[in-house]
Every structure is written in structure tokens, then in C-alpha cells.
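FYI, the numbering for the sequence shown is 596 to 1033, going by my numbering.
Glycine is no exception: its CB is placed at the ideal position from the N, C-alpha and C atoms.
The structure displayed is predicted, hence computed values, not measured ones.
Notes to accompany the following structure.
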Amino acid sequence: MDNLINHKKLPNKLLFDRHRIAIISDHGDPSTETGVEEAGGQSVYVRQLGEILPTFGWWVDIFTRKINKEDPAIVQNSPYCRTIRLVAGPEKFIPRDHIFDYMPQFVAAFEAFRKQENIYYPIVHTNYWLSAWIGLELKNLTNIKLVHTYLSLGIVKYETSLKYKTLTQLPEIAGTRLRVEQQILEQADCVVVNSLQEKEDLRNLVSQKGCMELIPLGTNIDLFHPILKSEARTKLGLKQTEQIVLYVGRFDPRKGIETMVRACARSKTRLTGDLRLVIVGGSCPDRIDGSERKRIEQIVQEVGLSERTLFVGRVDHDMLPFYYACADVCVIPSHYELFGLVAIEAMACGTPVVASDVGGLKYTVIHEETGLLVPPQNIELFTEAIDRILTNKVWAKQLSINASNRVNKYFSLAKTVGHLNSLYKKLLTQKVELTVIS
Ligand code: UDP
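See the structure below:
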């Protein structure tokens, strides 16, 4: 059993060390390739935290489940950031709806690692509901300040999936997830919400209790910044004369790619032969994203757009700004998006966005100012919105300027991490009984 001691008795080394933080990301390995199934926004976000928090004086360890035997157990991402892959269940990809039973092993492996390295993490920041369960267990074992970010909210996800028929019945794990999502809101020291909609949903649908702080996600505006369209197209070997409609993201039925394809098929620019649909995102043939990509390819063929569509596959962040910048419009047709990093990445590059009028997208995209918001799955209104932007270049230029200004002002990564840093430090100054590992 760990000893609880007064912090005055801690050795100087511990006191003057950088503050340690454990970021828990059960799935969504930050050191893996992003843009494929279960390695989307969560992987990108925790990786970015690991990159920036050390500049605020933190020592960051990011814990995730090991899903490949060949992967190293520890990746030293930078002098003060590591990814630590814990063995919890078979070392292979298992969809996240099926890994809850391995979470006790995750907790045991975390504690074993911590004790072996003689590390105390005063702050543990969990991401996604499975990590929330881990965090609650750790809070019972040691004195930690527990911060949680949902990144996806079960109650809303299930409701929209049933409504839009991407699910015909709830997964077996649904009840457990909903229970844990309530517990974490009520018991975490702070829940970080990413948009006003999320805050409202948590209060109305999950619990009246619990502390929340609104900190939107951010993006690296040094990386995602406006580039001349002509330069981006030359770099990517795309024609200067085409009207480019872009999708960036995972292949998942909930992303609504079908709506965008069908909307493009009706677009006015299709008649002039100028349309080019560019779809960026990876997939694995034997996984769910592989079958969704196949389904989308069939729809593209069915609506006669095969010649006009480019499936690019997965693209790394260092090349993504060129894809955003080459496009006339970026479409985000998701049925639901708790935040939606793609929207702020596109806007940061000065690309107007046509997005579903849902969740975090309602918060990041300002209708008629930085892009257009449309009800999800409404093909007719998506077509109209895409055409409005493609056919009015002067207005589109204004949207583009407004879009990058908005991200620079409100959604820069530096701002997000600065805000998180203040939150963690505030929590540390609250009564903390430091724990020393015996
Ligand atoms: N992404 C990527 N390469 C790709 C496609 C997507 O790195 O080929 C990244 C994209 O830049 C964004 C993330 O995956 O940072 C997707 O995050 P978002 O919040 O939009 O969606 P999620 O995947 O979390 O549902």
C-alpha cells in the first residue's frame, strides 16, 4: 500500500522536478499513423498535448494499449514526452467496444510501471470513456487529480446512430459506457468540455453534478496555415482549373461521406466538367473502415463520379495543409461530431467549410462567415451549400480570410494547451496529499 505523506517531507528532487502528468488514451495511440480506424482525432489530440505541454514545464507520459507485438513498449517522443504502451489483453487490434474487459489489466500494468519507475503522477488526464474507467480506478488507489475529456459522448452517439441507422441496435457495452460517463462527470476533479453543445448535452443528458471547464481543442497554426491554392495544386499535381471539393477523415458510416458524394453528383459544377472530388483518409481492407471505403467507392461509381474522384488514402499532417489549401471547399458531412478537428484544420488553411449543423461543428464553423452549416444527411442542402461556395469566388475569398482569422484567434493549439496548463496548475494548488511510492 502507498504511504500518504505531507509534501514538505518529499525529497528536493521530487519537488524541483518538472510536474509529471499521465495522459491516458486507452485506444488512439499518439505514436501511430493517424487517419485510419480508431486513430483519428484522439490520437492527434493526445500527441499534440505531448508535444506542447513540456514547453509549459510538464513531463508527459501518454499511456495507451499495446496493439502490435512488434511495437516498442516505450517511445521517447521528445526529451520530456513518452508514449508508453501497456499490455492489456491480446497484443492486437480489437475494436474499442470489445476491450472493456481488459481495462483492469491496463490499471495493473499502469501501477506496475509507475512503481517500477518510482514515479508519482499528481495529475491524470483521461480521454474517452474507457480511460475514464481507468482514471476512476486510479483515483481509488492513489491521490491524484483526475481530469477527463470525453471526445465522444455515448448518449449522443447512440441516439444519432439509431436515428441515422448506422446502428440497428445498441452494442452490449452501451449500458456500462453510459454509467461510466455519468460517474466520471460526477467524480472527476474537472471535466474538460470542448464545445458549448457538449456542455449542454452533459448537463441535460448525463448529470447535473460535476465540475466542467470549457477548453476547445486547438490545432497547430504554424503547420496548418494558408498556402496559395496554385502552389498547393502544383505540389499535389492537381489541375489549376478544377473546382475541388475535399473530404478529410476516417471512413466511418457516421462521417456521412455518402451525403457528400451524392451532393457532388448533383452539383452545378459537375455539368461544366470542372468538378474534382478529393477524398483523404486511410482504411484497412479487413476492418470496418475498409468496408465503408468499398461502399463509398460503389456509390461514387453508381452516381457516375469515378472519373472525377480521387481516393488519396491516408495522409500525414506534414502534407495535409497542401490538401486543405488546394481545395475550394472542405465538406464535413458527419452525423455527429463532438468537436471535429478537421473543421479547424481546414479553416486554419483558409478553406471554407460546409459542415453538418451538429455538435462541435456548430461552435467552430460560423454560418455564412467561415462556411456554411447544413442539416446532416440533407443531400439537397449540401449540394446548394457546396455550389454557393464554388460559384461565388469573391464571397468564398472572404469566407477563407474569416476562417483562418477565427482559428488563429480561438482555436490555436498554444491557446488550448495554455488553458489546460492553467487548469492543471490550479488543481495542483488545491489540497493535495502527495503520494510516495513505497
Ligand atoms: N487525419 C490524418 N490523416 C488522414 C485523415 C485524417 O492525419 O489521412 C487526421 C486529421 O488531420 C484530424 C484527425 O485525423 O486531425 C481526425 O480528427 P476529427 O476530430 O476530425 O475526427 P475523428 O477521427 O476524431 O472522428
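Asked: Thinking C-beta only, is V1002 closer than 8 Å to I810?; Found: no
Asked: Would you mind giving the Cβ-Cβ distance between V907 and V873, rounded to the nearest angstrom? I have them listed as a contact below 8 Å.; Found: 6 Å
Asked: Please report how far the alpha carbon of S726 lies from the alpha carbon of L985, in whole angstroms.; Found: 42 Å
Asked: Tell me the rounded alpha-carbon separation between P747 and V948.; Found: Per the sequence shown, residue 747 should be read as Ser rather than Pro. Distance between the alpha carbons of S747 and V948: 22 Å.
Asked: Note down the Cα distance separating G851 from G635, rounded to an integer number of angstroms.; Found: 16 Å
Asked: In angstroms, rounded to a whole number, what distance separates the CA positions of R828 and T721?; Found: 40 Å
Asked: Going along the chain, which unbroken runs of the beta strand (DSSP E) with 3 or more residues stay wholly within the stretch 737 to 782?; Found: 740 to 744
Asked: Over the uninterrupted beta strand (DSSP E) stretch that includes I616, give me the two end residues.; Found: 614 to 619
Asked: By how many angstroms is the C-alpha of G1013 removed from the C-alpha of L599?; Found: Confidence in L599 is poor, its pLDDT being 33 and thus under 50, which makes the residue's placement too unreliable to answer from.
Asked: Ignoring anything shorter than 4 residues, give me the alpha helix (DSSP H) runs that lie fully in the stretch 663 to 691, in order along the chain.; Found: none
Asked: Just tell me which of G885, I647, D869 has its CA closest to the CA of L573.; Found: Because the chain spans 596 through 1033 in this model, residue 573 falls outside it and cannot be assessed.
Asked: Is L605 helix, strand or coil when you go by DSSP?; Found: Because the pLDDT of L605 is 41, which lies under 50, any placement of that residue in the model is unreliable, and the question is left without a value.
Asked: Mind reading off the beta-carbon distance from Q838 to D923? Whole number of angstroms is fine, and I expect it under 8 Å.; Found: 5 Å
Asked: By a C-beta neighbour count over all protein chains shown, 10 Å radius and 16 as the cutoff for buried, is K758 buried or exposed?; Found: exposed
Asked: Relative to the C-alpha of Q643, which residue among A668, S673, H614 is closest?; Found: S673
Asked: Taking the straight line between their C-alpha atoms, what separation do you get for Q792 and Q896?; Found: 37 Å
Asked: So, under 8 Å CB-CB, V843 and Y918 are touching, yes? Tell me the CB distance rounded to an integer number of Å.; Found: 7 Å
Asked: State the CB to CB distance for the pair E632 and I662, rounded to an integer number of angstroms; the pair is presumed to be in contact (CB under 8 Å).; Found: 11 Å between Cβ atoms; not a contact.
Asked: Hey, does E781 have any beta-carbon neighbour from chain B nearer than 8 Å?; Found: Looking at the structure shown, chain B is missing, and only one protein chain is on hand.
Asked: Check each candidate in I891, D621, G623, G955 and name the one with the smallest Cα separation from L812.; Found: G955
Asked: With a Cβ-Cβ cutoff of 8 Å, do T814 and A998 count as a contact?; Found: no
Asked: For D982, which residues in the same chain have their Cβ closer than 8 Å to its Cβ, ignoring the five residues on either side in sequence?; Found: S862, K863, T864
Asked: Excluding the five sequence neighbours on either side, which residues of its own chain have a C-beta within less than 7 Å of the C-beta of K604, listed in chain order?; Found: Low confidence applies here, because K604 scores a pLDDT of 43, under 50, leaving its location unreliable; read the following figure in that light. Closer than 7 Å at Cβ, skipping near neighbours: no residue.
Asked: Just the C-alpha distance for I694 and G832, rounded to the nearest angstrom, thanks.; Found: 42 Å
Asked: Can the beta-carbon of T946 be found closer than 8 Å to that of A920?; Found: yes
Asked: Can you name, in chain order, every residue of its own chain whose Cβ lies under 6 Å from the Cβ of K830, other than the five neighbours on each side?; Found: F917
Asked: A707 and Y697: beta carbons closer than 8 Å?; Found: no
Asked: L1038: beta carbon under 7 Å from a heavy atom of the ligand UDP?; Found: Residue coverage of the chain in this structure runs from 596 to 1033, which leaves residue 1038 outside it and unanswerable.
Asked: Do R845 and the ligand UDP come close, with the Cβ less than 7 Å from some heavy atom?; Found: yes
Asked: Between which residues of its own chain and V702 is the CB-CB distance below 6 Å, once the five residues before and five after are set aside?; Found: I729, E732
Asked: Per DSSP, which residues does V788 bridge with? Please list them.; Found: L809
Asked: Please classify K1021: does DSSP put it in a helix, a strand, or coil?; Found: helix
Asked: How many angstroms separate the CA atom of P821 from the CA atom of R909?; Found: 21 Å
Asked: Can you tell me whether DSSP reads G908 as helix, strand or coil?; Found: strand
Asked: From the DSSP output, which residues share a beta bridge with R871?; Found: I839
Asked: Quick one: does the C-beta of G813 sit closer than 7 Å to a heavy atom of the ligand UDP?; Found: no
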